[in-house]
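Structure record follows, encoded as structure tokens.
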Amino acid sequence: MAGCTSIPERELENAFRYQRLKRNDIEIAQPIPSEFQELAARARAHRAAGSTAEYVALLELGDDALLARIHLIRAAVRSIDIQTFIWKDDPTSRFVFDELVKAAERGVLVRVLIDALNMPASPRVLARMARAHRNLEICLYKPLGEASVIGRIGAWDNLLFKTRHLNRRMHNKLLLIDGQIGVAGGRNYSGQYYDRNPDFLFRDRDVVVAGPSVGDMQESFELFWQDKNAVFLTQLLDVRQAFERLTNGGDPLADPADAWRFAEIDALANARSLSKVRPTIQVFEADEVRFAYDTPRKFSGKKERMDFDDWFEFVLRSGQDRLVYQTPYLIYSRDQRRGINRIRSKHPDFRIVASSNSLAAADHLHVYALSFKHRKELYKKTGIDIYESKPYPGDRPRYVHGLDAIVDRVIEQSGIENREDIEQIERVGPLLCIHAKSFVLDGKVALIGSHNFDPRSAKLNTECGVFIHDEAVALELEKRILNACEPQNAWTVSKGPKTPVISRFSGFIGAISAALPVFDIWPYRYTTNYELKTDCNPLSPRDPDFRQNYVDVGYFPEVPEAGTVIQTRLIKAFFGWARPFM
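So in the numbering used here, the last spot in the sequence shown is 582, and the numbers never skip.
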């Protein structure tokens, strides 16, 4: 499969690109002024004066993250580069794409790089994207075949004979504006990441960076864009055929019927300062910012520079007091467990707090099942205090912008006229799933990125992230993660109730069973989930009086379907060998 670096292939691509239309039905707007451009210039001045200070803004709410993206796209003068793991064809991604086309129309070079495992499935949609504008280029990373739709035979061919190619993916997420402003974090391009789905939403996190470290982000993007595995859309056979059949490739992808979803974003995105129109977007001057990333050479085992995992381990070795982190998938590699154990050997009181998903909130049942299989190891041996997120946390209105409007629309579509007629109104509307990948070390260093702290991120996918060495930013992020651990938002994992003799016997059998890669069929686990009792104070899960203040709610609270529990137990029992691939 030819890649973007080959000159003949670029000429071939240009033979198709000349057909791309320029839309003349809209007035071409000039780029808007942005506070982040001013901050980037100020950060460059700091660097010239010998300071390392840069400017960052945490994007906690999905709606804020979408607002920031549209704002920055409209502010671009020279270039926009997007790197993402997932791009779904839905109203949100179409809205973003139409903004990219408008930027291309005013002369901005737009490049989009999507991992081919999670691209829009329809060749016609891909062809329309490819034909949108001559200034807009789209590549897929590591396609699974010569066409975008590979069929059943192609799927089996990849599974049986191209496992290495299939399994090693580009998980990086970046948005770069003029090489001066960058957005990194965990969000892909789908309505579920931006408060635009009435049934299911991801609680994710991004960071906007304005300063010299964006140069490293740009360098990272260029390495992937120029890699031999990056393939132009029209180099795929079915996309090229669909491309040649198009007669109206200049039409916008966004559907006017969806405009109501983005009216507020559209109105606010032109503001010079987002922090003034959205108080939830707070700008910090950070002491030092470093962007760390894996290169495409991670797949070959050749390291051209210090990659993400090396820098992650280097930072972690400096820990002395505590690690507070958030991840959708609480599952570790052996190397990561050894690293934490080394810290504990030096600092026995080192505390680790993890915010992750419960089974009721998880998006990948199989990963949760293997995490559940090894939870005793995580809790007892590694010493992690685990808090499992509720699917409908008490602070859901704080986590979702415009939640009341979403709930009202769900109620309206259900045909119920009166909100009071609905029991448990807090269960109406979107279920929330943690997708953020962040940590705070000793209240001094913060990380926001794409790395899930799991074996797949460590060994199989390429990852990237922003390390922020600043106490104010670190403490703010720590506060937000710990809020997700509060009793109204999460269940606390602790040791299960003890029964003399029986518990000791059960623990012995359970430890042997959990160590088996298959036939881990012992039904009882060392830990269970707890809910805080009414009018009781929260306690550490290791406090001797813990169970006096909490009630046992079982291994899988609020899981609505018995089939989900059965599948979880079956995966836990028979697929322990798959842990390195999770």
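All C-beta atoms in this analysis are idealised placements derived from N, C-alpha and C, irrespective of residue type, glycine included.
These figures come from a predicted structure and were not determined experimentally.
Opening and closing residue of the alpha helix (DSSP H) in which residue i lies
i: Phe-574; result: 562 to 574
i: Val-410; result: 403 to 414
i: Tyr-399; result: 396 to 399
i: Asn-341; result: 334 to 346
i: His-366; result: 365 to 373
i: Ile-502; result: 502 to 515
i: Val-473; result: 471 to 484
i: Ala-29; result: Taken as a continuous stretch (DSSP letters only), Ala-29 belongs to no alpha helix (DSSP H), as it is neither H nor E.
i: Pro-123; result: 123 to 130
Residues near residue i by beta carbon distance below 8 Å, same chain, minus five either side
i: Ser-275; result: Glu-35, Ala-57, Ile-281, Gln-282 and Val-283
i: Ile-331; result: Val-367, Leu-370, Ser-371, His-374, Asp-454, Pro-455, Arg-579 and Met-582
i: Lys-22; result: Note that Lys-22 has pLDDT 46, beneath the 50 cutoff, so the model's placement of it is unreliable and no number is given.
i: Arg-47; result: Gly-211 and Pro-212
i: Trp-577; result: Pro-517 and Val-518
i: Trp-87; result: Ser-93, Val-112, Ile-114, Asn-118, Met-119, Pro-120, Asn-188, Tyr-189 and Ser-190
Other residues of its chain near residue i: CB distance less than 6 Å, five sequence neighbours each side excluded
i: Lys-329; result: The sequence given here places Tyr at residue 329; Lys does not occur at that position. Answer for Tyr-329: Val-367, Asn-452 and Asp-454, listed in chain order.
i: Ser-457; result: His-451 and Glu-463
i: Ile-70; result: Glu-99, Ile-265 and Ala-269
i: Phe-575; result: none
i: Leu-441; result: Gly-319 and Leu-323
i: Asp-227; result: Pro-296
i: Gly-182; result: Leu-176, Val-209, Val-214 and Met-217
i: Phe-202; result: Gln-192, Tyr-193, Cys-433 and His-435
i: Arg-137; result: In the sequence on display, residue 137 carries Glu and not Arg. Contacts found: Arg-111.
i: Thr-84; result: Ile-114, Lys-173, Asn-188 and Tyr-189
i: Asp-363; result: Cys-433
i: Glu-146; result: Leu-237
i: Ile-481; result: Val-324, Gln-326 and Ser-355
i: Ile-340; result: Thr-382
i: Asn-483; result: none
Inter-residue CB distance, residue i and residue j (contact presumed, cutoff 8 Å)
i: Asp-98; j: Pro-256; result: Not a contact, Cβ separation roughly 11 Å.
i: Pro-586; j: Arg-106; result: Residue 586 falls outside the range modelled here, since the chain spans only 1 to 582, and no answer is possible.
i: Ala-361; j: Lys-390; result: 7 Å
i: Val-289; j: Ile-468; result: 6 Å
i: Tyr-325; j: Phe-439; result: 4 Å
i: Val-466; j: Gly-449; result: 6 Å
i: Pro-91; j: Arg-338; result: That pair is no contact at about 46 Å.
i: Ala-103; j: Leu-233; result: Contact flag wrong, Cβ pair sits at about 18 Å.
i: Val-559; j: Leu-359; result: 5 Å
i: Leu-61; j: His-401; result: 5 Å
First through last residue of the beta strand (DSSP E) which encompasses residue i
i: Lys-444; result: From DSSP, Lys-444 is part of no beta strand (DSSP E); its letter is neither H nor E.
i: Asp-552; result: 550 to 554
i: Trp-491; result: 490 to 495
i: Glu-38; result: That residue, Glu-38, is in no beta strand (DSSP E); its alpha helix (DSSP H) goes 35 to 48.
i: Arg-322; result: 322 to 326
i: Asp-385; result: 384 to 389
i: Arg-351; result: 351 to 357
i: Glu-54; result: 54 to 59
i: Val-231; result: 230 to 232
i: Leu-136; result: 136 to 141
i: Leu-431; result: 431 to 434
i: Leu-532; result: 527 to 532
Neighbourhood of residue i by C-beta, 7 Å cutoff - its chain only, sequence neighbours within 5 removed
i: Lys-380; result: Tyr-526
i: Ser-494; result: Thr-527, Tyr-530, Pro-541 and Phe-546
i: Val-125; result: Asp-89
i: Leu-477; result: Leu-58, Ser-438, Val-440 and Ala-446
i: Cys-485; result: Val-353, Ser-355 and Tyr-387
i: Asn-357; result: Pro-328, Tyr-368, Glu-388, Ser-389, Cys-433 and Ile-434
Test item: CB-CB of residue i and residue j under 8 Å
i: Asp-63; j: Tyr-193; result: no
i: Asn-135; j: Val-108; result: yes
i: Leu-431; j: Phe-243; result: no
i: Ser-148; j: Met-119; result: yes
i: Ala-286; j: Trp-311; result: no
i: Asp-307; j: Phe-221; result: no
i: Tyr-141; j: Ala-116; result: yes
i: Gln-488; j: Gly-394; result: yes
i: Ala-65; j: Asp-206; result: yes
i: Cys-139; j: Val-231; result: yes
i: Trp-491; j: Ile-509; result: no
i: Pro-198; j: Arg-409; result: yes
i: Gln-180; j: Ala-53; result: no
i: Ser-333; j: Lys-459; result: yes
i: Pro-397; j: Val-239; result: no
Residue i Cβ short of 7 Å to the ligand SAM heavy atom set
i: His-165; result: Questions concerning the ligand SAM fall outside what the structure shown contains, since it holds no ligand whatsoever.
Beta carbon proximity, residue i to chain C, threshold 8 Å
i: Leu-140; result: In the structure shown, chain C does not exist; there is a single protein chain.
> Which residue spans inside the segment 157 to 222 form an unbroken alpha helix (DSSP H) run of at least 4?
Replying inline: 163 to 167
>> I'd like the ranges of any beta strand (DSSP E) spanning at least 3 consecutive residues and lying wholly in the segment 242 to 312.
In response: 283 to 286 and 288 to 293
> At which residue ranges does the segment 75 to 116 contain complete beta strand (DSSP E) runs of 3 or more residues, listed in the order of the chain?
Replying inline: 79 to 84 and 109 to 115
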